[in-house]
Amino acid sequence: MLIGRVFVMPKQEVLDPQGKAICQSLHALGYAEVDDVRLGKYMELRLRGEDAAQLRARVDDMCRRLLANGVIEEYHLEVERLPGAAGAR
Amino acid sequence: MKWGVVTFPGSNDDADVVYALTTVLGDDARQLWHKDRDLQRVDCVVLPGGFSYGDYLRCGAMAKFSPIMTSVREHAERGGLVLGICNGFQILCEAGLLPGALIRNRSLLFVCETVRTRVETTATPFTSTFGPGEILRLPIKHGEGCYVADAETIRRLEDEQRVVLRYVDAEGRATPDANPNGSLNNIAGIVGPGRNVFGLMPHPEHAVERLLGGDDGLRFFAAASGRHARQRPLSVAPGP
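For the record, the sequence lines run as chains H and S.
Under the numbering used here, the first sequence has 19 at position 19, and the numbering climbs by one with no breaks.
Under the numbering used here, the second sequence has 1211 at position 211, and the numbering climbs by one with no breaks.
Laid out in structure tokens, this is it:
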């Protein structure tokens, strides 16, 4: 079993009003060092199969078709073996 | 004129569009199920407002893969008319039938109000009977209506006069205060390159009778249908 981790973020030039609101709330709590906040999404995909390279290409395809919208978002993905799941069973 | 109104799981303005087209306008309109592929030879497909698939992931992200969307794409490529209202506009953008995307309102608030929009082009099947620059009063109700696209896309939309509606104030000026959701250039509606695919955030189907507060919306449907929107009398007499 492999796990795909997908991080989707609004593009830098796209307005992120939720990130702005979070930033303001942090300032209100006294965290003056916070300069900016961007809010994105994190998804975990449990993947059947052992071929990490092939699964990575598949997840990349999923990101382009559904998980992210290239007009407003960029994504980053990782595919790795689940801890303790090494080897076939 | 035959209209087909698509129902996705979570659509909630589909019956309102059918009512506007049949009871008010007098046209033939039928509901189409999102799992169907057959458009039943309709002339115009309407993707109505609502919350298809619960707005999960992104508004319209799931609906674009419904089986009927393959037929809608083919219909659009043949020059057939497609009208996307609110969630329908979001779906058209997600599906790539219109450029850009609709994101969370800048205010983070769901807006539900009647706004003024200015007709920016009459060179579309849906706005051909309006006067250029005419100001319409139309209802909006959305949380994700902020239209965004990259600078090149915005420039192309403006150059090709594909911005159909813009949010304006009482004097017809597209000011930041008149912009209910933060849309770039106060954009409320656009057409695709063939001008046959029209997406807008306001709800014309909720403005089809004076009893409802206005009938400016009816004229979009009437124009596409080639009918003159009748000035219908109020069905209930106003009080003294």
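Using N, Cα and C, we set each Cβ at its ideal position, and we do this for glycine too.
For residue i, three-class secondary structure by DSSP
i: Q1231 (chain S); result: Any reading at Q1231 (chain S) must be qualified, since the residue scores a pLDDT of 49, below 50, and its modelled position is unreliable; the value itself is stated next. Q1231 (chain S) falls in the coil class under three-state DSSP.
i: M9 (chain H); result: strand
i: M43 (chain H); result: strand
i: K1064 (chain S); result: helix
i: Y1053 (chain S); result: helix
i: G1088 (chain S); result: helix
i: Y31 (chain H); result: coil
i: R1155 (chain S); result: helix
i: L1021 (chain S); result: helix
i: E73 (chain H); result: strand
i: E1160 (chain S); result: coil
i: A68 (chain H); result: coil
i: E50 (chain H); result: coil
i: G19 (chain H); result: helix
i: G1239 (chain S); result: With a pLDDT of 48 at G1239 (chain S), under the threshold of 50, the modelled position of this residue cannot be trusted; read the value that follows with caution. In this structure, G1239 (chain S) counts as coil in the three-state DSSP scheme.
i: C1059 (chain S); result: coil
i: A1095 (chain S); result: coil
i: E1077 (chain S); result: helix
i: D1043 (chain S); result: coil
i: V1006 (chain S); result: strand
i: L55 (chain H); result: helix
i: D1016 (chain S); result: helix
i: M1001 (chain S); result: coil
i: L2 (chain H); result: strand
i: L1032 (chain S); result: strand
i: A1149 (chain S); result: coil
i: R81 (chain H); result: strand
i: V37 (chain H); result: coil
i: V1082 (chain S); result: strand
i: A1223 (chain S); result: helix
Contact check, residue i vs residue j, beta carbons under 8 Å
i: I1103 (chain S); j: G1060 (chain S); result: no
i: P1139 (chain S); j: G1088 (chain S); result: no
i: W1003 (chain S); j: D1036 (chain S); result: no
i: G1199 (chain S); j: A1207 (chain S); result: no
i: V1119 (chain S); j: F1130 (chain S); result: yes
i: V1046 (chain S); j: V1017 (chain S); result: yes
i: S1225 (chain S); j: D1027 (chain S); result: yes
i: G4 (chain H); j: L77 (chain H); result: yes
i: A1076 (chain S); j: L1097 (chain S); result: yes
i: V1168 (chain S); j: I1135 (chain S); result: yes
i: A52 (chain H); j: V79 (chain H); result: yes
i: A1095 (chain S); j: M1069 (chain S); result: yes
Whole-angstrom C-beta distance between residue j and residue i, which should lie under 8 Å
i: N1105 (chain S); j: C1146 (chain S); result: 5 Å
i: V1005 (chain S); j: A1029 (chain S); result: 6 Å
i: Y1109 (chain S); j: A1149 (chain S); result: Note on residue identity: the sequence assigns Leu, not Tyr, to residue 1109 (chain S). Rounded, the Cβ-Cβ distance is 23 Å, inconsistent with contact.
i: E73 (chain H); j: P17 (chain H); result: That belief does not hold up - the Cβ atoms of E73 (chain H) and P17 (chain H) are roughly 15 Å apart, past 8 Å.
i: S1052 (chain S); j: S1011 (chain S); result: 6 Å
i: V34 (chain H); j: C23 (chain H); result: 6 Å
i: T1117 (chain S); j: L1157 (chain S); result: The pair is not a contact, with the Cβ atoms about 16 Å apart (cut-off 8 Å).
i: I1085 (chain S); j: E1205 (chain S); result: 7 Å
i: V1191 (chain S); j: T1124 (chain S); result: 5 Å
Any non-hydrogen atom of the ligand MN within 7 Å of residue i CB
i: P1204 (chain S); result: In the structure shown, the ligand MN is absent, as is every other ligand, since no ligand is present at all.
Exercise. What beta strand (DSSP E) runs, 3 residues minimum, are completely inside the region 1162-1217 of chain S?
Worked result: 1163-1168, 1187-1191 and 1197-1200
For this session: Would you list, in chain order, the members of the region 40-74 of chain H that have their beta-carbon closer than 7 Å to a beta-carbon of chain S?
Result: L66, N69, V71 and I72
Problem set entry | Cβ-based contacts, 7 Å cut-off: residues of the region 12-32 of chain H near chain S | Within the region 12-32 of chain H, the residues whose Cβ lies closer than 7 Å to some Cβ of chain S are V14, L15, P17, Q18 and A21, listed in chain order.
Exercise. Which runs of the beta strand (DSSP E) fall wholly inside the region 1105-1141 of chain S and span at least 3 residues, in chain order?
Worked result: DSSP runs (the beta strand (DSSP E)) wholly in the region 1105-1141 of chain S: 1111-1119.
Problem set entry | chain H contacts from the region 1100-1116 of chain S (Cβ-Cβ distance under 8 Å) | Only those residues of the region 1100-1116 of chain S whose C-beta falls short of 8 Å from the nearest C-beta of chain H are listed: G1100, A1101, I1103, R1104, N1105, R1106, S1107 and L1108.
For this session: Please name the residues in the region 1143-1159 of chain S whose beta-carbon is closer than 9 Å to at least one beta-carbon of chain H, in chain order.
Result: C1146, V1148, A1149, D1150, A1151 and T1153
Exercise. If contact means a Cβ-Cβ distance below 9 Å, which residues of the region 1170-1183 of chain S contact chain H?
Worked result: For the region 1170-1183 of chain S, the set of positions with a beta-carbon nearer than 9 Å to some beta-carbon of chain H reads G1182 in chain order.
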